[in-house]
Each structure stands twice: as C-alpha cells, then as structure tokens.
Amino acid sequence: MKELFQFTKVSALILGLAMITTTASASTLEDVKKKGVLSCGVSEGVPGFSNPDSSGKWVGLDVDMCRAVAAAVLGDPTKIKFVPLASKQKIIAVTSGQVDLTSRTTTWTMKRDTKEGADFTAVVYYDGQGFMVRKEDGIKSAKEMSGASVCVTTGTTTELNIADYSRANNLKLEAVVFDGKKEALNAYASGRCDVFTTDTSQLASLRTTLKDPENHIILPEIISKEPLSPLVRHGDNQWKDIITWVIFGLINAEEKGVTAANAAEMKAKSTDPTVQRMLGKTGDLGTFIGLDNDWLLRAITSVGNYGEIYERNLTKTLGLERGVNQLWSKGGILYASPLR
Amino acid sequence: MTNPTIFVPKPDREAPAQAKGFLHWLKHHVFNGWFNSALALSLIAIIVLTVPQVIQWAFIKATWVGDSANCKTSPDGACWSFIAAKFRVLMVGVYPAAESWRGIVGALVLAILIITTITNHLKGKVLIVAWLLLPVFGYWIIGGGFGLNEVDQSSWGGLMLSVLLALVGIIVSIPLGIVLALGRFSGSPITKSLCIGFIETVRGVPLITILFMSSVMMPLFLPPGFIIDNMLRIQTGMIFFSAAYVAEVVRGGLQALPKGQFEAASSLGINYPKTLYLIVLPQALRHVLPPLIGRCISMFKNTSLVIIVGLLDFLGMIKSASLDSEWLGFETEAYVFGAVVYFSICYSLSRYGAHLEKSDPVLQK
Numbered sequence: 001m002k003e004l005f006q007f008t009k010v011s012a013l014i015l016g017l018a019m020i021t022t023t024a025s026a027s028t029l030e031d032v033k034k035k036g037v038l039s040c041g042v043s044e045g046v047p048g049f050s051n052p053d054s055s056g057k058w059v060g061l062d063v064d065m066c067r068a069v070a071a072a073v074l075g076d077p078t079k080i081k082f083v084p085l086a087s088k089q090k091i092i093a094v095t096s097g098q099v100d101l102t103s104r105t106t107t108w109t110m111k112r113d114t115k116e117g118a119d120f121t122a123v124v125y126y127d128g129q130g131f132m133v134r135k136e137d138g139i140k141s142a143k144e145m146s147g148a149s150v151c152v153t154t155g156t157t158t159e160l161n162i163a164d165y166s167r168a169n170n171l172k173l174e175a176v177v178f179d180g181k182k183e184a185l186n187a188y189a190s191g192r193c194d195v196f197t198t199d200t201s202q203l204a205s206l207r208t209t210l211k212d213p214e215n216h217i218i219l220p221e222i223i224s225k226e227p228l229s230p231l232v233r234h235g236d237n238q239w240k241d242i243i244t245w246v247i248f249g250l251i252n253a254e255e256k257g258v259t260a261a262n263a264a265e266m267k268a269k270s271t272d273p274t275v276q277r278m279l280g281k282t283g284d285l286g287t288f289i290g291l292d293n294d295w296l297l298r299a300i301t302s303v304g305n306y307g308e309i310y311e312r313n314l315t316k317t318l319g320l321e322r323g324v325n326q327l328w329s330k331g332g333i334l335y336a337s338p339l340r
Numbered sequence: 001m002t003n004p005t006i007f008v009p010k011p012d013r014e015a016p017a018q019a020k021g022f023l024h025w026l027k028h029h030v031f032n033g034w035f036n037s038a039l040a041l042s043l044i045a046i047i048v049l050t051v052p053q054v055i056q057w058a059f060i061k062a063t064w065v066g067d068s069a070n071c072k073t074s075p076d077g078a079c080w081s082f083i084a085a086k087f088r089v090l091m092v093g094v095y096p097a098a099e100s101w102r103g104i105v106g107a108l109v110l111a112i113l114i115i116t117t118i119t120n121h122l123k124g125k126v127l128i129v130a131w132l133l134l135p136v137f138g139y140w141i142i143g144g145g146f147g148l149n150e151v152d153q154s155s156w157g158g159l160m161l162s163v164l165l166a167l168v169g170i171i172v173s174i175p176l177g178i179v180l181a182l183g184r185f186s187g188s189p190i191t192k193s194l195c196i197g198f199i200e201t202v203r204g205v206p207l208i209t210i211l212f213m214s215s216v217m218m219p220l221f222l223p224p225g226f227i228i229d230n231m232l233r234i235q236t237g238m239i240f241f242s243a244a245y246v247a248e249v250v251r252g253g254l255q256a257l258p259k260g261q262f263e264a265a266s267s268l269g270i271n272y273p274k275t276l277y278l279i280v281l282p283q284a285l286r287h288v289l290p291p292l293i294g295r296c297i298s299m300f301k302n303t304s305l306v307i308i309v310g311l312l313d314f315l316g317m318i319k320s321a322s323l324d325s326e327w328l329g330f331e332t333e334a335y336v337f338g339a340v341v342y343f344s345i346c347y348s349l350s351r352y353g354a355h356l357e358k359s360d361p362v363l364q365k
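Chains A and B supply the protein sequences, listed in that same order. Going by full-length UniProt numbering, 80 is the number at position 80 of the first sequence; the sequence numbering is gapless. Going by full-length UniProt numbering, 15 is the number at position 15 of the second sequence; the sequence numbering is gapless.
Shown next as structure tokens:
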C-alpha cells in the first residue's frame with residue numbers, strides 16, 4: 001500500500017533515520033516520462049486561471065498550459081496531476097521538486113527568478129492594475145479621473161501604484177482604503193467611491209459579481225506590470241526549454257491560424273513552411289527539446305492555440321477582452337520567438 | 001352515637017391569576033425590572049427586524065433549481081441551486097467521478113460504526129479494534145491499492161478530506177497521547193523529559209505554525225527525490241498536534257486516580273503492564289471521555305485551517321466553488337451551507353458527549 005509505505009517514510013524521517021542521499025537529481029523530463037504523469041502546481045481557485053468546475057474537473061488558462069505540456073511530453077493531456085498550492089508554497093514546491101511545474105498566476109520578478117531558485121518560462125498573461133468605473137460617469141480614460149475617489153485594498157502594491165500614478169499624472173486621486181478586495185468592491189458598488197482598482201484579470205471576474213455588471217466599464221489603462229508566467233526549478237535547462245517552447249508554440253499557432261480543430265488537416269495540407277515546421281511535417285524541432293516531432297501538434301489538438309485557450313477561459317465566462325494580451329500583429333504585446 | 005365527623009379539608013384555592021400562566025411567567029422572568037425589560041424588548045425588536053428578512057432570503061425568494069442565470073433573476077433570494085450544482089465537489093472535491101462510490105462506501109462504513117457504537121451494539125475490545133482499524137480502512141478506500149485503483153492524494157478533497165483528516169488525526173493521536181501521558185509519569189528521567197519536551201513544544205505553538213512547517217519548510221530539509229505528499233505531511237502534523245493535547249487530557253485522568261490503586265496492584269503482585277491495562281487506564285480514560293470528545297470537536301474544526309497550505313478540504317472547496325467563473329457571486333450561500341454542515345457535525349458530537357456523561361454513573365459524581 002502506497003500510503004502505508006509513505007507513512008513509513010515519514011516516521012523514518014522523524015526518527016532521523018532518513019538517509020541523506022544526495023543523488024545528482026536526474027533530468028525532470030526523464031522523471032516525468034518515468035512516472036508517466038506530470039505534476040503541476042496550480043492555485044486553489046482563481047476564476048478563469050485555475051479552479052475545479054462543478055464536475056470536479058480543473059479548468060482555466062493556467063490549467064490548460066499544464067495540459068498542453070502534458071500532451072507534448074507524455075502524449076496525453078489527461079496524464080497530469082494537479083496539485084493545489086497556497087501562495088506561499090508556489091515557489092518552494094517547484095524548487096524542492098514536489099511539483100514539476102508551477103502554473104499559478106505568478107508574477108515574473110527578478111528576485112524569484114534569481115535568488116529564490118526558480119526559472120520563469122514564458123509569459124502567458126500580461127496582467128496589471130486597472131480601473132473600473134460606472135458607465136454613467138462618462139469616463140473613457142484613466143487620465144480623465146481627476147479628483148476621483150478610488151476604492152483600493154490596503155497594504156498591497158495596488159495602493160502604492162495608485163499613489164504613484166496620481167502624482168505622476170497630477171490627478172489628485174483620493175484613495176479610500178479597505179481591508180479586503182470584496183469590501184472594496186462593495187463600497188464601490190454602493191457608491192462610496194467613483195473608481196475601483198485591482199489587477200485587470202480580477203476586475204473582470206469581480207465585475208460579474210456586481211448586481212448590474214453591464215453598467216460598469218473597465219478602462220483601457222494598465223498602470224503596473226504583472227507578467228504571469230509558469231515556473232520551473234532553476235538549473236534544468238532542457239525542462240525549462242520545453243515549457244517555454246510549448247507556450248511560444250501555442251502563441252505562434254494562433255498567429256498562423258492553427259486551431260485544435262484544423263491542426264491535423266493543416267499538417268497534411270498546409271504549404272506554409274512555418275506551419276509545416278510547427279506541426280512536425282518538416283524539420284526536427286521536437287528533437288531540439290528531447291521530444292518527438294508531433295509535440296506541438298498534440299498540444300494544439302488537446303487544448304487549442306493560445307487564442308482558443310484565452311477565449312474559452314477568460315472571454316466567454318468572464319467577459320475579459322484580449323487587451324495587451326492580443327498578438328503583436330493585432331496591436332497587443334504578445335510576441336513569441338519564431339519556431340525554427 | 002352520632003357518626004364521627006371526619007375532617008375533610010377544603011380543596012386548595014387556585015393560585016391568583018397574577019401568579020400563574022404565561023403572563024405571570026413573562027412578568028417574572030422576562031420583564032422583571034427596567035433593565036431586563038429593555039433587554040427583552042430590544043432582542044424582540046432585533047428578531048422581528050431580522051428573522052423575516054432571513055426567511056425571505058433563504059426560503060421565499062430563493063432559487064432552488066436552474067443555473068446561475070436563473071439565480072440572477074432573483075437577486076434578493078438565496079441561490080440554493082448553486083449548492084446543488086456544487087454538491088459533488090463540496091463533498092469529494094476533484095476526486096475522479098468514476099471512483100466516487102468509494103467516498104459513499106467510506107461514509108456508510110463510518111455511519112454504521114457510529115450507529116453501532118451509540119446503540120451499544122459494539123462493546124469492549126471489538127469496539128476499540130474497529131475504531132483503530134478505521135484510519136487504515138479510510139486511507140485504503142479513498143487512496144486505493146490492494147485491488148482498488150490508486151487515487152492520488154492531490155485529488156482528495158471536500159468534506160471527505162476534512163472528515164478523513166479529523167478521524168485519522170484523532171484516532172491515531174489517542175494511543176500516541178496515552179503513551180506520552182504515561183511517559184510523563186514514567187520513572188526514567190530521559191523518557192520523562194523527552195515526553196514533557198514534546199508535549200510542551202507542540203502545545204507552545206499554534207497549529208498554523210505546525211501546518212506551515214510541515215507543508216512549506218519540510219520539503220526544504222528533505223533530500224532531493226524524497227517526496228512526501230503535502231497531505232500526508234499535514235496529516236502527520238495534525239496527529240502530533242492532537243497527541244500533545246490528548247496527552248494532557250489523559251494526564252488529568254491519571255492524576256485523578258488515587259495512589260492506592262497503584263499500591264494495591266503492586267501488593268497483589270500485578271506487573272506494570274497489567275496494572276496499566278487492567279486497573280489504571282480503564283479508570284483514567286473513563287474520567288476523561290468528555291474532554292476527549294471535546295478534543296474530537298476541536299480537531300474537526302481545526303481541519304479547516306489546512307486551506308492555508310493548499311489542501312482543498314470542505315472549506316477550501318466552498319471557497320473555490322464560489323470562485324467558479326460560471327457561478328461567481330454566491331459565496332454567501334456557500335458559507336451558509338458550510339456553517340450548517342460544520343454546526344450539525346460538531347453539535348451532534350457535543351450532544352453525544354453530554355449523553356455519555358449522563359449515562360455513565362462514574363462521571364456523575
């Protein structure tokens with residue numbers, strides 16, 4: 001029995017009998033292939049990013065990134081184990097090898113990438129602090145908010161950002177501070193302030209909880225940088241490359257119009273050399289990262305390209321527009337390095 | 001001779017109208033003095049102001065069937081169809097649907113065990129062995145192995161996980177606690193100081209600290225490749241925490257025993273293990289049964305803390321269910337449901353404790 005065995009391990013540890021065997025840690029790719037399952041750290045519940053749905057299936061953008069990796073590496077998007085992680089565990093879990101990959105709305109910062117022993121892969125969502133206002137106020141841009149009162153959560157960077165933004169643009173914003181996000185939102189809804197501010201990804205889901213979501217708009221300005229990226233253990237370059245290029249692959253697939261539905265057909269018929277390379281008809285891109293040539297085809301057919309993932313998880317249910325997360329060719333900042 | 005007159009007392013007069021009946025009771029118990037009257041009136045006002053609102057929200061304007069769109073049409077009422085839609089995840093979390101029957105079997109076995117215990121159909125050694133086997137059974141039926149498909153611990157969740165954590169925690173910690181309490185009484189200074197050290201250290205830190213240590217810090221001390229599931233580390237932490245408290249409860253029972261019991265046993269030539277098993281423990285444990293039930297209740301409530309270390313227990317599932325993008329904005333219903341479930345379980349346990357106290361002649365002294 002596995003549990004009993006693990007129990008023995010725990011007791012052995014506690015009695016100080018655990019042998020300290022510092023075997024050189026094998027490559028994560030080998031480990032994952034040997035286990036036959038990818039263990040992926042996700043959050044315990046962020047709408048649109050990762051959350052169990054009513055049938056107990058994990059859904060969300062972060063979750064789909066894990067599924068794409070499982071499909072590319074193991075050939076099956078269901079060979080995956082989702083480990084819910086609290087915010088404090090998200091880095092330690094991956095650096096200590098408890099999970100192979102953390103995909104949990106984590107902002108890519110210098111400290112985390114260097115000192116804390118994690119490696120970030122590629123940005124899957126450009127988040128940042130945004131504003132919500134009432135439609136009837138007729139505000140179209142954050143620059144028009146002069147003198148407005150802003151409901152904000154205390155003790156977060158959100159509060160500092162708003163002070164900086166107000167001073168930089170000479171807006172004389174008055175911050176009304178609350179303990180929790182929900183309290184701040186309720187105060188805004190009851191008319192205590194003119195503006196509500198938090199990260200845009202959450203603005204959208206919080207807006208749907210209002211009684212009259214159609215009467216509120218989210219302004220286009222984003223005043224802070226929160227690039228969210230999956231992370232892996234520092235020092236396993238091949239594994240990091242795999243995650244990075246799966247994500248880049250999904251974004252490139254959107255650029256080329258390759259979708260879950262048409263990927264197999266495009267592989268057979270497309271004459272575009274980029275698409276042919278991408279789907280493994282020509283070239284040997286897969287071997288560069290220790291996989292076969294169908295790696296990206298499998299990832300795309302199982303979860304769709306980046307646009308489909310975004311649409312399914314964020315636009316359809318939360319009404320979140322693409323904004324800066326649009327492709328660079330369509331006015332956004334999503335710019336994936338070329339597959340060649 | 002005349003017939004002797006027999007004294008027949010007149011029947012008692014009825015109490016005066018002011019000294020009986022509901023009005024009297026009201027006057028003497030509720031409106032005696034200006035302070036109590038004011039208190040009673042304001043409480044009545046609060047009840048009149050709130051209860052109809054609650055009933056309106058919870059029943060009259062509530063939505064019982066349909067999806068979140070149906071609920072949004074009646075924003076002033078509760079959305080119980082949300083609970084219905086989320087019932088499965090609240091009970092078993094992300095446990096695979098094909099294996100859900102195992103949660104039901106586990107619950108049935110637990111229910112049978114509880115009923116046979118309460119109705120006194122299980123007694124003595126059978127009772128103790130049955131309960132001691134329950135953690136093993138629980139881990140087997142939920143986790144698999146030995147003929148059942150293995151289900152990874154990361155997908156255990158919901159009420160099932162809360163009950164499992166609490167049950168295994170309390171059942172394993174009672175024997176451990178007894179050993180620690182006996183160790184505290186032991187003659188050997190090394191055993192004694194080890195036990196005291198353990199008990200006081202664990203009792204000196206909050207449970208949250210232990211949970212953080214076992215879930216966040218422990219992986220850092222483990223050699224690479226030596227992976228223990230988060231849940232198992234937390235379960236171990238909870239067992240240690242509970243054991244320290246059980247040890248103190250049991251110590252109370254041991255100290256309540258007169259010294260003569262030990263001396264009488266020694267003078268009859270009964271050896272130490274037998275003295276413990278036949279004389280000391282039966283008496284001591286009987287005394288501490290009510291506080292042990294109290295430990296069970298607080299253990300069950302403590303399991304809700306695992307939400308901060310990333311386990312999706314009942315409370316964690318409530319939180320995560322109310323964050324589902326298809327059902328945003330119904331956290332009130334979710335938390336009300338959670339409160340009702342926690343209350344019914346804890347209240348039943350506490351009633352059972354009270355019942356034990358009443359029915360046991362030893363405890364009534």
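Ideal Cβ positions, reconstructed from N, Cα and C, are used throughout, including at glycine. Quick caveat: nothing in here was measured; it's all calculated off a predicted structure.
Nearest to residue i (by Cα), restricted to the options the options
i, options, result
"THR106 (chain A)", "A:SER141, A:LEU74, A:GLU226, A:THR197", "A:GLU226"
"LYS140 (chain A)", "A:LEU160, A:LYS115, A:LEU219, A:LEU203", "A:LEU219"
"GLY36 (chain A)", "A:SER54, A:PRO47, A:THR78, A:SER43", "A:THR78"
"VAL232 (chain A)", "A:GLY280, A:CYS193, A:ARG322, A:VAL69", "A:VAL69"
"THR301 (chain A)", "A:MET278, A:THR200, A:ASP284", "A:MET278"
"LEU339 (chain A)", "A:TYR310, A:TYR188, A:ILE289, A:GLY304", "A:ILE289"
"LEU148 (chain B)", "B:ALA98, B:THR117, B:MET217", "B:ALA98"
"GLN261 (chain B)", "B:ARG251, B:TYR272, B:ILE279", "B:ILE279"
"LYS57 (chain A)", "B:ASN70, B:VAL89, B:VAL216, B:THR201", "B:VAL89"
"ASN170 (chain A)", "A:GLY147, A:MET110, A:ALA299", "A:GLY147"
"residue 406 (chain B)", "B:LYS125, B:LEU134, B:ILE174", "Beyond the ends of chain B as shown, which are 1 and 365, falls residue 406 (chain B); an answer cannot be given."
"LEU38 (chain A)", "A:LEU74, A:LYS182, A:GLY117", "A:LEU74"
"THR315 (chain A)", "A:ASN237, A:LEU210, A:ALA253, A:SER201", "A:SER201"
"LEU203 (chain A)", "A:GLU321, A:VAL177, A:SER337", "A:GLU321"
"GLU150 (chain B)", "B:ARG184, B:SER100, B:VAL163, B:PRO16", "B:SER100"
Contact list for residue i against chain B, beta-carbon separation under 8 Å
i, result
"GLU44 (chain A)", "ILE307, GLY310, LEU312, GLY316, LYS319, SER320"
"VAL83 (chain A)", "SER154, ASN230, GLY310"
Partner residues on chain A for residue i, Cβ-Cβ distance less than 9 Å
i, result
"ARG88 (chain B)", "SER54, SER55, GLY56"
"PRO75 (chain B)", "LYS211"
"ALA85 (chain B)", "SER54"
Partners in chain B for residue i, counting only beta-carbon separations shorter than 7 Å
i, result
"ALA86 (chain A)", "ILE308, VAL309, GLY310"
"LEU318 (chain A)", "SER325"
Inter-residue CB distance, residue i and residue j (contact presumed, cutoff 8 Å)
i, j, result
"GLY45 (chain A)", "LYS86 (chain B)", "Their Cβ separation, rounded to whole angstroms, is 12 Å, which puts GLY45 (chain A) and LYS86 (chain B) out of contact at 8 Å."
"GLY191 (chain A)", "VAL99 (chain A)", "About 44 Å separates the two Cβ atoms, so there is no contact after all."
"MET91 (chain B)", "GLY106 (chain B)", "The Cβ separation is near 11 Å, so there is no contact."
"SER215 (chain B)", "ASN230 (chain B)", "6 Å"
"VAL124 (chain A)", "LEU228 (chain A)", "6 Å"
Amino acids of chain A, ordered along the chain, whose beta-carbon sits closer than 8 Å to that of residue i
i, result
"ILE227 (chain B)", "GLY97, GLN98"
"LEU220 (chain B)", "ILE92, SER96"
"VAL94 (chain B)", "PRO52, GLY56, LYS57, TRP58, PHE82"
"ALA334 (chain B)", "Neighbours of ALA334 (chain B) on chain A: none; closest Cβ ~11 Å, over 8 Å."
"ALA97 (chain B)", "SER55, GLY56"
Contacts of residue i in chain E (Cβ-Cβ under 7 Å)
i, result
"LEU328 (chain B)", "Absent from the structure: chain E. Protein chains present are A and B."
Interface residues of chain A facing residue i [CB-CB closer than 7 Å]
i, result
"VAL215 (chain B)", "Correcting the residue identity first, residue 215 (chain B) is Ser in this sequence and not Val. Within 7 Å Cβ-Cβ: GLN89."
Could you say if the stretch 53–72 of chain A and the stretch 243–263 of chain A meet the contact criterion of at least three C-beta pairs nearer than 8 Å?
Touching, yes.
Quick check on the DSSP output: what are the complete alpha helix (DSSP H) runs of length 4 or more inside the stretch 65–133 of chain B, in order along the chain?
Scanning the stretch 65–133 of chain B for uninterrupted alpha helix (DSSP H) segments of 4 residues or longer gives 68–72, 80–92, 100–118, listed from N- to C-terminal end.
Considering only residues of the stretch 266–350 of chain B, which uninterrupted alpha helix (DSSP H) runs meet the minimum length of 4 residues and lie entirely inside it, listed in chain order?
DSSP runs (the alpha helix (DSSP H)) wholly in the stretch 266–350 of chain B: 281–287, 289–302, 314–321.
Decide if the stretch 128–138 of chain A is in contact with the stretch 188–198 of chain A; the criterion is three or more beta carbon pairs, one per stretch, under 8 Å apart.
With a cut-off of 8 Å, the stretch 188–198 of chain A and the stretch 128–138 of chain A count as touching, because enough Cβ pairs lie within range.
Quick one: any contact between the stretch 228–248 of chain B and the stretch 200–211 of chain B, if contact means 3 or more CB pairs under 8 Å?
With a cut-off of 8 Å, the stretch 200–211 of chain B and the stretch 228–248 of chain B count as touching, because enough Cβ pairs lie within range.
Minimum length 3: unbroken beta strand (DSSP E) runs contained in the stretch 216–243 of chain A:
Runs of the beta strand (DSSP E) inside the stretch 216–243 of chain A: 216–218, 226–228, 231–233.
With three or more beta-carbon pairs closer than 8 Å as the criterion, would you say the stretch 317–335 of chain B touches the stretch 66–78 of chain B?
With contact defined as three or more Cβ pairs closer than 8 Å, the stretch 317–335 of chain B and the stretch 66–78 of chain B are in contact.
Can you find at least 3 beta carbon pairs, one from the stretch 104–123 of chain A and one from the stretch 204–221 of chain A, that sit closer than 8 Å?
Contact fails: fewer than three Cβ-Cβ distances are below 8 Å.
For the stretch 185–192 of chain B against the stretch 344–356 of chain B, are there 3 or more C-beta pairs whose distance is under 8 Å?
No, because fewer than three Cβ pairs between the stretch 185–192 of chain B and the stretch 344–356 of chain B fall closer than 8 Å, the two stretches do not touch.
Evaluate contact between the stretch 317–336 of chain A and the stretch 7–20 of chain B, counting only Cβ atoms and requiring at least three cross-stretch pairs below 8 Å.
A contact is defined here as three or more CB-CB pairs under 8 Å, and the stretch 317–336 of chain A fails this definition with respect to the stretch 7–20 of chain B.
Whole runs of the beta strand (DSSP E) within the stretch 66–140 of chain A, excluding any shorter than 3 residues:
Runs found: 80–85, 118–120, 125–127, 129–134.
In chain order, what are the residue ranges of uninterrupted alpha helix (DSSP H) at least 4 long that sit wholly in the stretch 249–333 of chain A?
Look at the stretch 249–333 of chain A and you find these whole runs of alpha helix (DSSP H), each 4 residues long or longer: 263–269, 273–278, 285–288, 295–303, 306–310.
May I ask you to verify whether the stretch 80–95 of chain A touches the stretch 112–127 of chain A, counting CB pairs closer than 8 Å and requiring at least 3?
The stretch 80–95 of chain A is in contact with the stretch 112–127 of chain A.
Beta strand (DSSP E) segments (min. 3 residues) lying fully within the stretch 154–198 of chain A:
Runs found: 174–178.
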